[in-house]
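Take a look at the structure set out below.
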Amino acid sequence: MAFGGRFDAILFALSNRNYRIYTAGNICSHFGMWAYRIALQWLTWKLTGSAFWLGAIAMADLFPTVFLAPVAGAITERVNRLGMMRFAMLFSAAQAAVLAYCCFTNIVTIEIVFALALSLGFVLAINHPVRLVIVPNMVERDALASAVAINSLVFNVARVAGPSIAGGIIAAAGDEAWILGAAIVFAFNCFGNLAFSAALFSIHLVQIGISRSDAPLRRIPSEIRAGFSYTFSHTGLGALMIILFVVGVCGRTYIDLFSGFVETIFGLGADALGILVSSVGVGAVLGGFWLAQRGNVVGLTRIVLLNILILAVVLIVFAISTNFYVAVVSVLIAGFTMTVAGTGEHTLIQASVDEQMRGRVVSLYGAISRGCPSLGSFIMGWVGDHTGLQWPIAGGAFICILLWGWAYRRREKLENALETPPLARSH
Numbered sequence: 272m273a274f275g276g277r278f279d280a281i282l283f284a285l286s287n288r289n290y291r292i293y294t295a296g297n298i299c300s301h302f303g304m305w306a307y308r309i310a311l312q313w314l315t316w317k318l319t320g321s322a323f324w325l326g327a328i329a330m331a332d333l334f335p336t337v338f339l340a341p342v343a344g345a346i347t348e349r350v351n352r353l354g355m356m357r358f359a360m361l362f363s364a365a366q367a368a369v370l371a372y373c374c375f376t377n378i379v380t381i382e383i384v385f386a387l388a389l390s391l392g393f394v395l396a397i398n399h400p401v402r403l404v405i406v407p408n409m410v411e412r413d414a415l416a417s418a419v420a421i422n423s424l425v426f427n428v429a430r431v432a433g434p435s436i437a438g439g440i441i442a443a444a445g446d447e448a449w450i451l452g453a454a455i456v457f458a459f460n461c462f463g464n465l466a467f468s469a470a471l472f473s474i475h476l477v478q479i480g481i482s483r484s485d486a487p488l489r490r491i492p493s494e495i496r497a498g499f500s501y502t503f504s505h506t507g508l509g510a511l512m513i514i515l516f517v518v519g520v521c522g523r524t525y526i527d528l529f530s531g532f533v534e535t536i537f538g539l540g541a542d543a544l545g546i547l548v549s550s551v552g553v554g555a556v557l558g559g560f561w562l563a564q565r566g567n568v569v570g571l572t573r574i575v576l577l578n579i580l581i582l583a584v585v586l587i588v589f590a591i592s593t594n595f596y597v598a599v600v601s602v603l604i605a606g607f608t609m610t611v612a613g614t615g616e617h618t619l620i621q622a623s624v625d626e627q628m629r630g631r632v633v634s635l636y637g638a639i640s641r642g643c644p645s646l647g648s649f650i651m652g653w654v655g656d657h658t659g660l661q662w663p664i665a666g667g668a669f670i671c672i673l674l675w676g677w678a679y680r681r682r683e684k685l686e687n688a689l690e691t692p693p694l695a696r697s698h
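To convert, take the position in the sequence shown, counting from 1, and add 271; that gives the working numbering.
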């Protein structure tokens, strides 16, 4: 690398013109997306006052991704990835524009909101694996770890700032004009997606591997089976998927129980809830930044395992603590370790998978990483209703410690399978 200093890995990744333009557009898109999600929740609640509809709108976003993931992975290997992303971002901009128009003209109904959310959910479900696999087609392998971590950093910064933007706009509109505030947020999201679309039309990809654009659609079911077989027969990838599943169900669900902790354990209000959520976000940003400047796949397996262990320990501290300030520090560390482990897992998958299987494997990763926390929240919420909130969090953390012990005994095999390029392993 021609760069010096602590941030040379970040600079090396961003020295790639295509990736630099992509990242600029990605920032606009993620800021708009997180603002959109908050405004969509607020709009749904103001229209209905119904927890059922809040859940239904959330399902409209999540359901297509989880259940279409295998098909989406096979499609990813057939289509022009850049073209698919361009279409998805233009569709996202159009959906946001329609939603903004409906709010501006005060013709919006919950049925319209649900239909628009579901339509976007299906488009983004097909696009999700494309978005995950496109980075290796833009950067060199030496820059891959930093590029994936930069993407995570952008995502987590937007997760902190986007809701603040939405909240500020809606609050500035006031109680009487809340629908105008929501419309402005949707318009903001529209322009963010248009900016990303413009960026995507300004770059080109370096295609890697074998094109399967002429493969018949009837082969998709057998290709999905082949993708599962490849993943779980691979020493490293199969273990990573197990780790993702267990940590997703048992270790990433604590955030969804914050409101209950704030009121029943700490005896505090909404301000405390905001502090806890923001602390997780700050930790996530720090974790993403640290991993981005590290910029190396070698040694990443041990880092992932170490951070899973630390995550489990601090979640036990959070669960048993009755001191709010101890809880804040605990979840800040949890945000850091969760991001380092999650981004590290994603990087290891991208670095170790065969190109012809990339779409199918990464789509499975996306389904597990998005779906398992929701499953875990449901399970832990049900258990918490019967035992109190502290027991399921502590129990889930203990399961993560057992998982760490299982994976640590296999660390050398995992390192060899995940940190060595596929072509090097085949010779």
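Backbone N, C-alpha and C fix where the C-beta goes; we use that ideal spot for every residue, glycine too. It should be emphasised that the depicted structure is a prediction, and the values quoted were computed from it without experimental measurement.
Residue from Leu539, Ser300, Leu285 and Ser417 with nearest C-alpha to Thr593: Locating residue 593 in the sequence shown gives position 322, counting from the first residue. Nearest C-alpha to Thr593: Leu539.
Give me the residue from Leu353, Ser363 and Asn351 with the minimum Cα distance to Cys299. In the sequence shown, counting from the first residue as 1, residue 299 sits at position 28. Nearest C-alpha to Cys299: Ser363.
How long is the line joining the alpha carbons of Cys373 and Ala454, rounded to whole angstroms? On the sequence shown, residue 373 is found 102 positions in, with the first residue counted as 1. On the sequence shown, residue 454 is found 183 positions in, with the first residue counted as 1. The alpha-carbon separation between Cys373 and Ala454 amounts to approximately 8 angstroms.
Identify, in the order they occur along the chain, each residue of the same chain with its Cβ nearer than 6 angstroms to the Cβ of Thr506, setting aside the five sequence neighbours on each side. Position 235 of the sequence shown, counting from 1, holds the residue named residue 506. Once the five neighbours on either side are set aside, the close Cβ partners of Thr506 are Lys684 and Ala688.
Do Gly559 and Asn427 have their beta-carbon atoms positioned less than 8 angstroms apart in this structure? The residue given as residue 427 occupies position 156 in the sequence shown. The residue given as residue 559 occupies position 288 in the sequence shown. In this structure, Asn427 sits near Gly559, with a CB-CB distance shorter than 8 angstroms.
Starting from the C-beta of Met356, find all residues in its chain whose C-beta is less than 7 angstroms away, skip the five residues before and the five after it, and write them out in chain order. Translated into the one-based positions of the sequence shown, residue 356 becomes position 85. Hits under 7 angstroms: Asn398, Val401, Arg402, Ile405 and Leu471.
Mapping DSSP to helix, strand and coil, what is Ser701? Since the first and last residues shown for the chain are 272 and 698, residue 701 lies out of range.
Span separating the alpha-carbon of Arg308 from that of Phe334: Position 37 of the sequence shown, counting from 1, holds the residue named residue 308. Position 63 of the sequence shown, counting from 1, holds the residue named residue 334. Rounded to whole angstroms, Arg308 to Phe334 spans 15 angstroms at the Cα level.
Residues in its own chain within less than 8 angstroms of Val379 by CB, not counting five upstream and five downstream? Taking the sequence shown and counting its residues from 1, the one referred to as residue 379 is at position 108. Scanning its chain for C-beta atoms nearer than 8 angstroms, with the 5 sequence neighbours on each side dropped, one finds around Val379 the residues Leu314, Leu318, Leu370, Cys373 and Ile450, in chain order.
Exposed or buried, what is Arg565 when buried is set at 16 or more other beta-carbons lying within 10 Å of its beta-carbon? Here residue 565 refers to the residue found at position 294 when the sequence shown is read from its first residue. By the Cβ neighbour-count rule, Arg565 is buried, with 16 or more other Cβ atoms within 10 Å of its own.
Taking the alpha carbon of Gly630 as the reference point, which residue from Leu339, Trp305 and Ile281 has its own alpha carbon closest? Walking along the sequence shown from the start, residue 630 turns up at place 359. Nearest C-alpha to Gly630: Leu339.
Using the C-alpha atoms, what's the distance from Ile536 back to Asn287? Mapped onto the sequence shown, residue 287 falls at position 16. Mapped onto the sequence shown, residue 536 falls at position 265. Going by the C-alpha atoms only, they are around 49 angstroms apart.
What span of residues does the alpha helix (DSSP H) with Tyr679 cover, start to end? As a position in the sequence shown, residue 679 is number 408, starting the count at 1. Gln661 to Tyr679 is the span of the alpha helix (DSSP H), which, as asked, contains Tyr679.
Within the segment 528–603, ranges of the alpha helix (DSSP H) (whole runs, at least 4 residues): Every alpha helix (DSSP H) of 4 residues or more that sits fully in the segment 528–603 is shown, in chain order, as 541–565 and 571–591.
Closest residue to Ala414 among Phe459, Ile474 and Asn289 (Cα-Cα distance): Within the sequence shown, the letter at position 143 stands for residue 414. With distances taken between Cα atoms, Ala414 lies closest to Asn289.
Three or more beta-carbon pairs under 8 angstroms between the segment 672–679 and the segment 568–579, yes or no? These segments touch.
What first and last residue would you give for the alpha helix (DSSP H) that runs through Asp279? Residue mapping note: residue 279 aligns to position 8 of the sequence shown, counting from 1. Its alpha helix (DSSP H) spans residues Asp279 to Leu285.
Return helix, strand or coil for Glu699, following the three-state DSSP convention. Past the edges of the chain, shown from 272 to 698, lies residue 699, and the structure says nothing about it.
Classify Trp653 as buried or exposed, calling it buried when 16 or more other Cβ atoms lie within 10 Å of its own Cβ. In the sequence shown, counting from the first residue as 1, residue 653 sits at position 382. Result: exposed.
Quick one: what's got a C-beta closer than 8 angstroms to Thr294's C-beta in the same chain, skipping five residues either side? Along the sequence shown, one-based indexing puts residue 294 at 23. Closer than 8 angstroms at the Cβ level, and outside the excluded window around Thr294, lie Leu285, Ile421, Asn422 and Val425.
Contact belief for Ile579 with Trp675 at Cβ below 8 angstroms, rounded distance in angstroms: Looking up residue 579 in the sequence shown gives position 308. Looking up residue 675 in the sequence shown gives position 404. In this structure Ile579 is in contact with Trp675, their Cβ atoms being roughly 5 angstroms apart against a cut-off of 8 angstroms.
Own chain partners of Leu619 with C-beta closer than 8 angstroms, once the 5 adjacent residues on each side are dropped: As a first step, residue 619 is located in the sequence shown; it is residue number 348 there, counting from the start. Annotation for Leu619: Gly507, Leu511, Val568, Leu571, Thr572, Val575, Leu689 and Glu690 place their beta carbon closer than 8 angstroms to its own, counting only its chain and skipping 5 residues before and after.
Please report how far the alpha carbon of Ile514 lies from the alpha carbon of Leu577, in whole angstroms. Along the sequence shown, one-based indexing puts residue 514 at 243. Along the sequence shown, one-based indexing puts residue 577 at 306. Their backbone Cα atoms lie some 13 angstroms apart in a straight line.
6 angstroms CB neighbourhood of Gly452 in its chain, flanking five on each side removed: On the sequence shown, position 181 is the one that residue 452 refers to. Cβ within range, chain order: Ile440, Ile441 and Ala444.
Check whether the Cβ atoms of Met304 and Ser468 lie closer than 8 angstroms to each other. As a position in the sequence shown, residue 304 is number 33, starting the count at 1. As a position in the sequence shown, residue 468 is number 197, starting the count at 1. No. Outside cutoff.
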